[in-house]
Every structure is written in structure tokens, then in C-alpha cells.
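Below: one structure, written as C-alpha cells.
Residue numbers (full-length UniProt numbering): 1 to 96.
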């Protein structure tokens, strides 16, 4: 069983997300975040971007889905569209 997501008081402003962007579709938010990421590199090379992005997205996805299912891995796997073994592998990979 996983631990529930932390209920913190982080606001969109603290996450550097403009108020008008808080209702944007996920793909728009990701596109903006990637554009910001490349801009902050200031010409330095990026490395392992795919792995970094997948970790940033998968960890909260897994946590939220498990919280939604009260830790029921079979149901979480069903919701995610993956088999339970794959879910368990990902949980182990991320130390969840």
C-alpha cells in the first residue's frame, strides 16, 4: 500500500504557473514547461530528457491513481491500462 499524496499549500504562483494557465490542458502545460526548460539551459546541452520527463509525470500519476483506488493495485492497473505486474515494477522503480 502506498502513502497518500501530501496535502500541501503550494499555490500555482509558487510553481511559477500563471493564473490564466491553471486551466490549460495537460499537453499545453507540458509544452510550456519544456519551452521554459530549454530556455533555462541557455545553450547548454540537455541529457536524459525523456527519462526525466517520464519520471516527472509517472510518479504523480501512479501516486494519484493509487490514492484514488485506496491502494488497490489491481484496480489502479486497470485504470492505467497496464497489467498489475507492470504497475508493481514501476512502483518498485520509483520506490513507491
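Every residue, glycine too, gets a C-beta built ideally from N, C-alpha and C.
Measuring straight from C-alpha to C-alpha, what distance separates residue i and residue j?
| i | j | result |
| --- | --- | --- |
| residue 82 | residue 44 | 36 Å |
| residue 8 | residue 46 | Unreliable placement is indicated for residue 8, whose pLDDT of 42 sits below 50; the coordinate value is still reported in the next sentence. Roughly 31 Å between the two C-alpha positions. |
| residue 32 | residue 86 | 30 Å |
| residue 96 | residue 42 | 34 Å |
| residue 27 | residue 79 | 20 Å |
| residue 84 | residue 25 | 28 Å |
What is the DSSP secondary structure of residue i, counted as helix, strand or coil?
| i | result |
| --- | --- |
| residue 100 | Nothing can be reported for residue 100, as the shown portion of the chain is limited to 1 through 96. |
| residue 94 | coil |
| residue 82 | coil |
| residue 67 | helix |
| residue 27 | helix |
| residue 58 | helix |
| residue 51 | helix |
Excluding five sequence neighbours on each side, which residues of the same chain lie with their C-beta closer than 6 Å to the C-beta of residue i?
| i | result |
| --- | --- |
| residue 69 | 75 and 76 |
| residue 40 | none |
| residue 88 | none |
Which residues in the same chain as residue i place their Cβ atom closer than 8 Å to its Cβ, once the five residues preceding and following it in sequence are excluded?
| i | result |
| --- | --- |
| residue 94 | 55, 58, 59 and 62 |
| residue 38 | 46 |
Does the Cβ of residue i have 16 or more other Cβ atoms within 10 Å, making it buried, or fewer, making it exposed?
| i | result |
| --- | --- |
| residue 66 | buried |
Using C-beta distances below 7 Å, list every residue in its chain close to residue i, excluding the 5 sequence neighbours before and after it, in chain order.
| i | result |
| --- | --- |
| residue 51 | none |
| residue 91 | 62 |
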